[in-house]
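Structure, as structure tokens:
Number of protein chains: 4
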Amino acid sequence: MVVTPYYYATNITQDVLKRHYTEIADRSPIPIILYNVPPFSGVRIANDTVDLLSTHPNIVGIKDTTGSIVNLAESVQNAARNRQLAQQNKRFVVLAGGASSLLYSLLAGGSGGILALANILPNTCCRLFELATSGRLAEAAALQNAIVRINELVTAKHGVAGLKAAMDLLGYYGGPPRRPFAPASDAVRNIIKECLYELTAGGVTEATPSRS
Amino acid sequence: MVVTPYYYATNITQDVLKRHYTEIADRSPIPIILYNVPPFSGVRIANDTVDLLSTHPNIVGIKDTTGSIVNLAESVQNAARNRQLAQQNKRFVVLAGGASSLLYSLLAGGSGGILALANILPNTCCRLFELATSGRLAEAAALQNAIVRINELVTAKHGVAGLKAAMDLLGYYGGPPRRPFAPASDAVRNIIKECLYELTAGGVTEATPSRS
Amino acid sequence: MVVTPYYYATNITQDVLKRHYTEIADRSPIPIILYNVPPFSGVRIANDTVDLLSTHPNIVGIKDTTGSIVNLAESVQNAARNRQLAQQNKRFVVLAGGASSLLYSLLAGGSGGILALANILPNTCCRLFELATSGRLAEAAALQNAIVRINELVTAKHGVAGLKAAMDLLGYYGGPPRRPFAPASDAVRNIIKECLYELTAGGVTEATPSRS
Amino acid sequence: MVVTPYYYATNITQDVLKRHYTEIADRSPIPIILYNVPPFSGVRIANDTVDLLSTHPNIVGIKDTTGSIVNLAESVQNAARNRQLAQQNKRFVVLAGGASSLLYSLLAGGSGGILALANILPNTCCRLFELATSGRLAEAAALQNAIVRINELVTAKHGVAGLKAAMDLLGYYGGPPRRPFAPASDAVRNIIKECLYELTAGGVTEATPSRS
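Written out as structure tokens, the structure reads:
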């Protein structure tokens, strides 16, 4: 998975991205996946660029963390049209970048997800995927809604520090985040702990925060 | 429905929005709905602000056109929590702002939508709503995906001009868009017409573009 | 002076702006001045667009509130080149949009300014203009630096409310700002008053806040 | 000189920046200079943060590439006020980040510049500095205006590739830019060459592009 370049953001045009990914894909011994994450990188791979790159034989997918299901749906539909036009069997998978909309990404034609939340609630993420892909959509929707809050706490709201605190709470090794980020404060840690307890109490997740 | 103020965008803080909507709601003879549309207005009502305003007795909902289902889901969950805390029956409806993600908005707890697409395909929008709310989710998902392209053509891609061209094509009166926008070009008009034909041919919609 | 359209910001492309201003200029009985103020409107007239519009016989200038002197300098130089190419005498004036950089705008070739600060310190603004344009540049620079703080207080920091408070303090009629903005708080009013006293004490300005 | 961290841009709050720079300054064996370059990094050090960091004994300056002279002027004035308040002699230098506004930065109280243009026209940059700081302001303004176009060509318009092409043209070793950027096209190279010729013909610069 290859993130966009991000320094000199104002000079990283769509043409720069096209050439950059093409050069990498031409030379990579293994297939590559694009990583489109404007909230972290400040650079966006436009859908027309994704459309063009999706036809490269060595580019097999994209992780879409644009935050827009519509954007993801358009990528899926463009890739399907290209496959039809080219009468080729090349696959191009579109992967959700966030657990808070995994169900919607799958309904929009996405193939799966690469999710921060899977670091703390892997079984829950798998269950959501299985419910969504086996047609148990009402159950999937209930589970999807149940995990929005914890997911936002360990991503958008408290970032890597929040995620690592949650890992610590659940008995994994999270440890301190890399600089420049500081470890989560006790206040944040308690909010996350309480949210995890509620999820277990509600039967949503199996994991329980440790006593520490 | 009351759009955010938008001129002097850099000075329109969340405090300004809180006071502005509170003053309007205090004096309005009828209940009001917030309209959060940063792509048009350049101003965003933050979720904490929505959360606070949702407790006002005369503010009964929001049209969320932020483009983020996660944002919409958080608004729904905040409002539900407030209702529980206050042990009151006040309703606060969250309405989808775009047809391309109506199903996902409904699954996330939204109550409906105020949709540009309903100007040209009202029956299709209603069918999607009914499928989604009657538990026929697989059919709803198929229909949802089928309308993404036409919806983007008449909103994000070609704006009001595209929507009005589609209305003309379907026998409604669209007419020219208000300035500063120009009528859609013939090329755009043809792309929209072709897309509408495909939808009818595919059995997605009933309406057929006129011969004009 | 004609501000850019600003609602539907994402659909207001440079092409829309070119046609919009051309239509207005074609029909206006008096010459027009473009107003480029992305911090307020969320829409930017790109320099290539200014360059093209500057050749229209009925467009005689631009108020540049982009916040970038380099942008302003480029507009000035483009207009000069066009004048030379066309061997015409048409003038195209570039006006500073902010008092905090009036001197630099004038040095970069600007012709003057349309300044919020002139509502409270008109003589000071005129003196700065005269010092800058009569070659007394060291004095101009000292004055320029002296007014940065008051100007930011009544524009970027406290907006229209700050400006109106300052007008009240100096014996003009400011009054309350239009909604959605609230009148400046007493704390803000005191900060502005203190800053105005310092300027008078330092001999920078003649005006003195009233005792009220 | 220490650039802001830039990945995970949405999580890099002003608090993160304060702690980050303080930790570096606490441990650095030599004084550090902040580098504020939102166009490249997507992260901005706010003026209040600069104000606070400027009091650290081991932070001795900032390179301000925000593009706003007003921002630079405020940094200079804040640092001066802090110095006065603390009755200490600690210096905090504010350095221009762009040659197109070097004169204005110096007039606003800046101490110098760290300029891309100095890679190709070092003598011209030095002459501009000397004219500005020795009070020959009219000559400085003329020179300032004369170099805007070449500077924009090798920075904002064509980036590192443009700068390296100009170095090659002037007999220095520029070479290819690092990926993801491609070498300047022949068309861009010719535009730069022509601009350099004009500068020499106009007596602005001594350097002449090579015949290659």
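Chains as they are written, first to last, in this note's numbering: chain R, 82 to 293; chain A, 82 to 293; chain V, 82 to 293; chain F, 82 to 293. Think of the CB as a built atom: it goes at the ideal place given N, C-alpha and C, for glycine as much as any other residue. Predicted model, so just to flag it, every value in this text is computed and none were measured.
Less than 7 Å between C-beta atoms, sequence neighbours within five positions excluded: which residues of the same chain meet that for Ile-126/A? Thr-85, Leu-98, Leu-115 and Asn-117
Using alpha carbons as the reference points, say which of Pro-203/R, Ala-219/R, Asn-152/R and Leu-196/R lies closest to Ala-189/R. Asn-152/R
Find the residues of chain A that neighbour Ile-93/V, judging by a C-beta separation of less than 8 Å, and give them in chain order. Pro-261
Within 10 angstroms of its Cβ, does Ser-291/F collect 16 or more other Cβ (buried), or is it exposed? exposed
Comparing the C-beta of Ala-189/R with each C-beta of chain A, is any distance below 9 Å? yes
To the nearest angstrom, how far is the alpha carbon of Ala-199/F from that of Ala-213/F? 16 Å
Local conformation of Gly-243/R per DSSP, three classes: helix
Look up Lys-99/R in the DSSP assignment and say whether it is helix, strand or coil. helix
List, in order along the chain, the chain F residues whose C-beta lies closer than 7 Å to that of His-101/R? Arg-260 and Pro-261
Counting pairs of Cβ atoms below 8 Å between the segment 228–244 of chain V and the segment 264–275 of chain V, do you hit three or more? yes
Cβ atoms of Ile-111/F and Ile-140/F: under 9 Å apart, would you say? no
Enclosing beta strand (DSSP E) for Ala-167/V [first to last residue]: Looking at the DSSP string, Ala-167/V is not in any beta strand (DSSP E); the run it does join, the alpha helix (DSSP H), is 150–167.
Check each residue of the segment 137–163 of chain F: if its Cβ is closer than 7 Å to any Cβ of chain V, include it; give the result in chain order. Gly-148, Ser-149, Ile-150, Val-151, Ala-154, Glu-155 and Gln-158
Candidates Arg-260/R, Thr-103/R, Ser-266/R and Thr-147/R, of which the one nearest Leu-133/R by Cα: Thr-103/R
Which one of Tyr-88/A, Lys-171/A, Thr-289/A and Tyr-185/A has the shortest CA to CA distance from Phe-121/A? Tyr-88/A
At a Cβ cut of 9 Å, what residues of the segment 236–262 of chain A count as close to chain V, listed as they run along the chain? Ala-237, His-239, Gly-240, Val-241, Ala-242, Arg-260, Pro-261 and Phe-262
Less than 9 Å between CB atoms is the rule here; does Ser-122/A satisfy it with respect to chain V? yes
Sequence-distant residues of its chain with Cβ nearer than 6 Å to Ser-257/A (five each side left out): Note that residue 257/A corresponds to Pro in the displayed sequence, not to Ser. So the list reads Pro-264, once near-sequence residues are dropped.
Contacts that Pro-86/R makes with chain F (C-beta to C-beta distance below 7 Å): Pro-261
For the segment 200–234 of chain A, list every residue whose C-beta sits within 8 Å of some C-beta in chain R, in sequence order. Gly-216, Leu-218, Ala-219, Ala-222, Gln-225, Asn-226, Val-229, Arg-230 and Glu-233
Using the Cα positions of Val-157/A and Lys-171/A, report the straight-line distance between them to the nearest angstrom. 13 Å
Whole-angstrom C-beta distance between Leu-176/A and Gly-148/A, which should lie under 8 Å: Contact flag wrong, Cβ pair sits at about 14 Å.
Kindly list the residues whose CB is nearer than 6 Å to the CB of Leu-218/R, restricted to its own chain and excluding five residues on each side of it in sequence; keep chain order. none
For Tyr-116/F, report the span of its alpha helix (DSSP H) as first-last. It is not in any alpha helix (DSSP H) - Tyr-116/F instead sits in the beta strand (DSSP E) that spans 113–117.
Closer than 9 Å, CB to CB, is Tyr-185/V near chain A or not? no
Which of the three DSSP states, helix, strand or coil, is assigned to Lys-171/F? coil
Alpha carbon to alpha carbon, what distance is there between Ala-90/V and Arg-108/V? 24 Å
Beta-carbon contacts of Gly-123/V that lie in its chain and below 7 Å, excluding the five residues immediately before and after: Tyr-87 and Ala-90
In terms of residues, what are the limits of the beta strand (DSSP E) holding Val-141/A? 140–145
Which runs of the beta strand (DSSP E) fall wholly inside the segment 179–213 of chain F and span at least 3 residues, in chain order? none
If you drop the 5 nearest sequence neighbours on each side, which residues of the same chain put their C-beta closer than 8 Å to that of Ala-227/A? Leu-280, Gly-283 and Val-285
List, in order along the chain, the chain A residues whose C-beta lies closer than 9 Å to that of Ser-182/R? Ser-149, Ile-150, Val-151, Ala-154, Tyr-185 and Ala-189
Are the beta-carbon atoms belonging to Gln-225/R and Leu-251/R less than 9 Å from one another? no
Can you name the residues that DSSP bridges to Ala-177/A? Asp-145/A and Gly-194/A
Indicate the three-state DSSP secondary structure (helix, strand or coil) for Val-84/R in the structure shown. strand
Beta carbon of Val-131/A nearer than 9 Å to that of Ile-105/A: no
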